[in-house]
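In what follows, a single structure is set out as structure tokens and then discussed.
In the numbering used here, the protein residues as written are 140 to 399.
Shown next as structure tokens:
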């Protein structure tokens, strides 16, 4: 078994379906490479923002919010406001100060707070580094970032999130797990059809990000608490995610469904 197969085996067991061949056929077309890279760039930032949202809402005190937002500012400036460039992002992937856990006056610090902070900060660092790497490839190949509209994938899952806590947080963590797992599956499926540089890059992303979905699932179980079974909720989102991936989709994206 190859290294890629070893990394991919548990991911495929977690996902309820594999990427349709029709998506791979579309993604490997040379004329679609700019679309793939632009959307991949946006997805790396969105993955980091998702982690940032979770620790801002559930784990850190208000004084730490500004520190976290300042970390993301140059990346968001580039993507949304077209400010900055590759050079200006080169040394920005670090926090200026540490983050402090949120403390409730009545309950104290939630048991999962520090683990949520630690796992999400590691994920953010990796996602922002990958953002820089994708942008580096785009600059090298003279592919501009012209902006992209959001696809249906993440929104399609988030609309199923429960409205009350802590179940809402558990749902968001499970969704995060599926997004990360699907990303890794597509890295692996797409890599063999790309040129040597991009093949190596996507395999390297699979190596570094294969852990992310497991971190999300571990946090979901921790938030639920000992003795609480979340397998039914995981199975529910497995069906939602598989439907989004396998059903017809007119908007071709990195996480889109079967191309129409």
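Glycine included, each C-beta is placed from N, C-alpha and C at the ideal position.
Under a three-way DSSP split, which group does residue i fall into?
i           : result
residue 309 : helix
residue 314 : helix
residue 232 : coil
residue 185 : helix
residue 149 : helix
residue 355 : helix
residue 245 : With a pLDDT of 49 at residue 245, under the threshold of 50, the predicted position of this residue should be treated as unreliable, though the coordinate-derived value follows. Of the three classes helix, strand and coil, the one that applies to residue 245 here is coil, per DSSP.
Going by DSSP, name the residue or residues bridged to residue i.
i           : result
residue 110 : The chain is shown only over 140 to 399; residue 110 falls outside these bounds and no answer can be derived.
residue 387 : 397
Do residue i and residue j have their C-beta atoms within less than 8 Å of each other?
i           : j           : result
residue 352 : residue 153 : yes
residue 238 : residue 263 : no
residue 194 : residue 261 : no
residue 332 : residue 169 : no
residue 362 : residue 398 : no
residue 316 : residue 155 : no
residue 329 : residue 163 : yes
residue 286 : residue 379 : no
Identify, in the order they occur along the chain, each residue of the same chain with its Cβ nearer than 7 Å to the Cβ of residue i, setting aside the five sequence neighbours on each side.
i           : result
residue 278 : 225
residue 396 : 383, 384, 385, 386, 387, 388
residue 311 : 193, 300
Cutting at 8 Å between CB atoms, please list the residues of its own chain near residue i, excluding the five before and the five after it.
i           : result
residue 273 : 176, 179, 180, 183
residue 218 : 180, 181, 184, 284
Skipping 5 residues on each side, what residues in its chain have a beta carbon closer than 6 Å to that of residue i?
i           : result
residue 390 : 290
residue 203 : 238, 239
Inside the segment 155-185 only - beta strand (DSSP E) runs reaching at least 3 residues: none
Beta strand (DSSP E) runs wholly inside the segment 265-337, at least 3 long, in chain order: none
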